[in-house]
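Note sheet for the following structure.
Residue numbers (our numbering), protein chains in the order written: chain F, 8 to 275; chain G, 24 to 293; chain C, 17 to 284.
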């Protein structure tokens, strides 16, 4: 369970990205975070694993309080949170396998990781995850040889090999075409359910959010303005979050044919 | 590019009047400086020698041809020494340049003062030609190839570290951020996030500098620091011009070979 | 679907050089080379040991350096170096333009191209100091010889890079200018010059920097500049003065570096 209490973030420029946000996410819940750009979605996600330092407020992940941890303990805590990035953020020049294994860096000493000597269980798990996301045959390929959708799958495998308690997903589909976006979202949500993980998914495409998440939180100018199930997301509510007409632009049209093809195949 | 409003309507000139004036002034000042400098130097030049130079050149040329091929036996060892000076010097420099580069890059340095020190090391190393380093080292630890190796190394640290830290500052931050999010230590961040990104640059810099160092190593012997320069110095002092021309040819050959090797390796890396 | 597929528990990164034989040969060759290089290294360790106290004496000479005892000769030497650098760079670049244009395959007819490439190759091969030795033999001692040596070296450096830049330019832009019926010179001025200018200005400042550093060297063989002063200081073991000279050189190079950075930004 993740609990954010009075989370406040003020940048040096004076921008108040997050205004005393309170949020609670129970285990196994897939939560979508929507809102216009500048609303604070990215900041919120990054405050949880402290890639961005919160100005004040507390973050509680199950039994530990994240905001007051020392650097050493913070690293240990980060192992328990898997992060999936907007532009995959893979190390381009390393192979797919190395990128997946890098999820275990927090558990492995420096010299072992330098010589790429990861424990046997980690390697097995890496292969298993690659198989699960359908990329087993690409383990030795360099990351920059893959397509966008494939790279995001590697990113997903990397996050999951940490065996995390929480998934932080920052705009996973921003750089992908509509069809691949849906496949990726489906994959993330399936995996979260399989493992009973809580997940915060930062997403700008409202329709995708409604299709896959069980709970939607709308953020506007650093404050939560909506918190509820996807079907209660009426046009009035969306206008409230995004402002007049803006939210229609976020929906990427789905083709009838694509929908059928989607349900038939699972691998790009 | 400027559009200027005049009484008859807008006209286009390449630059605004103000900027044009500034550029002309700049040219004027520049030319004045150059002419002044030339005057200063010509004051110190014995023009008779300059006019004489054509005859001198012809004379020297005739004395240098044909090259004394039989001298070649004395040159094999010095060529080997020269290559070693360049190679070992470059290797030592690379090992030392890596930490200096990380300390000098604004995104990996622990503190601003450390960065300043690293940058100063880089500038100092770069400013002083390897020949001058060699001069100093020969005065201190005596003549020989060791002085040459250290001289090459000292000069190359600055060159390599400068290019390396510029590469480090240009890396894609997102890749490093992702590694950090898994709970990696600072050192693992370097090894997994930063190092793979700068590897090709590092390899390119190494070979590039090695190539330049071969050229520089050929002359270190002129101040006693080993290599083929020793032979060159001796031959010039004894006015053995045919030997000199042979040595120059050998240097030419060495440089050509090293450039070819360097181009091939860099091509393979890209 | 609950079959237990066996996943491998070890993974090795594919090596950079795939061909096994080649890889082994390279490693082996490297080992042999290193053994031979260090084996034939001829070091008089006793002399080195004797040199250590002299070395410390040299380092202590930097604290503080002596600018004053030999100030006159230092001043003369530095100014001479600066003047030499300026006109050598100007003359060198001025001459580089025709040679560079002539050495560009997409610009020059074949015989001109070969000739210019030959001139550039010869100018580049020999380090400045060798050029200086010959210049001194031909033109007598003094800064003129240094000026000649540096100019020739500049041509070798600058003309080559200019030719490469011209060869790498976008042919489309050149074609468009040609299509208007422009003369050859107009073509150079309108199509080629704008493309190569930014980088060549940066390179000009870089060469100025190199020439200054080299100007300190040509003095050692009689080509004028601060090199002679430095050599004398060392011969007389006047380490304090030598330290002063070195610091001045470093200082001037630093100024040149700032100026070049500033200039490059201004050109952008």
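Think of the CB as a built atom: it goes at the ideal place given N, C-alpha and C, for glycine as much as any other residue.
Test: residue i CB closer than 8 Å to a CB of chain F
i, result
"residue 219 of chain G", "yes"
"residue 200 of chain G", "yes"
"residue 18 of chain C", "Bear in mind that a pLDDT of 45 at residue 18 of chain C, under 50, signals an unreliable position, so the model cannot answer this."
"residue 214 of chain G", "yes"
Identified DSSP bridge partners for residue i
i, result
"residue 235 of chain F", "F:223"
"residue 65 of chain F", "F:12"
"residue 25 of chain F", "F:16"
"residue 37 of chain F", "F:206"
"residue 149 of chain F", "F:102"
"residue 176 of chain F", "F:91, F:208"
"residue 30 of chain F", "F:11"
"residue 72 of chain F", "F:67"
Cβ of residue i within 8 Å of any chain C Cβ
i, result
"residue 79 of chain G", "yes"
"residue 145 of chain F", "no"
"residue 239 of chain G", "yes"
"residue 169 of chain G", "yes"
"residue 286 of chain G", "no"
"residue 181 of chain F", "no"
"residue 102 of chain G", "no"
"residue 91 of chain G", "no"
Under 8 Å from the C-beta of residue i: neighbouring residues of chain C
i, result
"residue 165 of chain G", "60, 63, 64, 66, 67"
"residue 222 of chain F", "Near residue 222 of chain F there are no residues of chain C at all, since even the closest Cβ is about 30 Å away, more than 8 Å."
"residue 134 of chain F", "23, 24, 27"
"residue 105 of chain F", "29"
Closer than 8 Å to chain G by CB, residue i
i, result
"residue 19 of chain F", "no"
"residue 98 of chain F", "yes"
"residue 208 of chain C", "no"
"residue 263 of chain F", "Only weak support exists for where residue 263 of chain F lies, its pLDDT of 44 falling under 50; the coordinates are left without a value."
"residue 108 of chain C", "no"
"residue 56 of chain F", "yes"
"residue 99 of chain C", "yes"
"residue 216 of chain C", "no"
"residue 15 of chain C", "Outside the shown range of chain C, which is 17 to 284, sits residue 15 of chain C, and nothing can be said about it."
"residue 67 of chain F", "no"
"residue 117 of chain F", "yes"
Residue environment, residue i, which counts as buried when at least 16 other CB atoms sit within 10 Å
i, result
"residue 82 of chain G", "exposed"
"residue 95 of chain F", "buried"
"residue 211 of chain F", "buried"
"residue 281 of chain C", "exposed"
"residue 77 of chain F", "exposed"
"residue 71 of chain G", "exposed"
"residue 195 of chain F", "buried"
"residue 27 of chain C", "buried"
"residue 46 of chain G", "exposed"
"residue 40 of chain G", "exposed"
"residue 8 of chain G", "With chain G running from 24 to 293 in the structure shown, residue 8 of chain G is simply not present."
"residue 168 of chain F", "buried"
"residue 101 of chain C", "buried"
Contact list for residue i against chain G, beta-carbon separation under 9 Å
i, result
"residue 85 of chain F", "203, 204, 205, 206, 207"
"residue 9 of chain F", "Here the premise fails: no neighbours, minimum Cβ distance about 16 Å."
"residue 113 of chain F", "205, 206, 207, 208, 211"
Interface residues of chain G facing residue i [CB-CB closer than 8 Å]
i, result
"residue 82 of chain F", "206, 207, 208"
"residue 94 of chain F", "197"
Contacts of residue i in chain C (Cβ-Cβ under 7 Å)
i, result
"residue 189 of chain G", "None at all; the shortest Cβ gap to chain C is about 12 Å."
Under 8 Å by beta carbon: chain F residues contacting residue i
i, result
"residue 87 of chain C", "Within chain F, no residue comes near residue 87 of chain C; the closest Cβ sits about 49 Å away, beyond 8 Å."
"residue 222 of chain G", "100"
9 Å Cβ cut-off: residues of chain C touching residue i
i, result
"residue 102 of chain F", "29, 30"
"residue 202 of chain F", "Under the 9 Å cutoff, chain C gives no residues; its nearest Cβ is about 16 Å from residue 202 of chain F."
beta-carbon residue i near the ligand FAD non-hydrogen atom, thresh 7 Å
i, result
"residue 85 of chain F", "The ligand FAD is absent from the structure shown, which contains no ligand whatsoever."
Closer than 8 Å is the cut-off here; do at least three beta carbon pairs connect the stretch 186-203 of chain C with the stretch 77-85 of chain C?
These segments do not touch.
message: Using a Cβ distance threshold of 8 Å, determine whether the stretch 246-264 of chain G contacts the stretch 165-175 of chain G, with at least three qualifying pairs required.
response: They touch, by the three-pair rule.
Should the stretch 103-121 of chain C be called in touch with the stretch 248-262 of chain C, which here means at least 3 C-beta pairs below 8 Å?
With the cut-off at 8 Å, the stretch 103-121 of chain C and the stretch 248-262 of chain C do not touch.
Counting Cβ pairs closer than 8 Å, one from the stretch 210-218 of chain F and one from the stretch 26-42 of chain F, do we hit at least three?
-> The stretch 210-218 of chain F, when compared against the stretch 26-42 of chain F, does touch it at the 8 Å Cβ threshold.
Checklist entry - How about the stretch 161-176 of chain C and the stretch 144-152 of chain C: do they share at least three Cβ pairs that are nearer than 8 Å? => result The stretch 161-176 of chain C makes contact with the stretch 144-152 of chain C, as at least three CB pairs between them are under 8 Å.
(message) With a threshold of 8 Å, are at least 3 pairs of Cβ atoms found where one atom belongs to the stretch 176-189 of chain G and the other to the stretch 148-166 of chain G?
(response) In short, these stretches touch, since the Cβ pair count reaches three.
Counting Cβ pairs closer than 8 Å, one from the stretch 91-111 of chain G and one from the stretch 246-266 of chain G, do we hit at least three?
In short, these stretches touch, since the Cβ pair count reaches three.
Taking contact to mean 3 or more Cβ pairs, one atom from each stretch, closer than 8 Å, check whether the stretch 215-227 of chain G and the stretch 190-204 of chain G are in contact.
The stretch 215-227 of chain G, when compared against the stretch 190-204 of chain G, does touch it at the 8 Å Cβ threshold.
Report yes or no: do three or more beta-carbon pairs, one from the stretch 85-100 of chain G and one from the stretch 204-215 of chain G, lie closer than 8 Å?
With the cut-off at 8 Å, the stretch 85-100 of chain G and the stretch 204-215 of chain G do not touch.
Do the stretch 142-152 of chain F and the stretch 109-118 of chain F meet, that is, are 3 or more Cβ pairs less than 8 Å apart? The count of Cβ pairs closer than 8 Å, one atom from the stretch 142-152 of chain F and one from the stretch 109-118 of chain F, stays below three, leaving the stretches out of contact.
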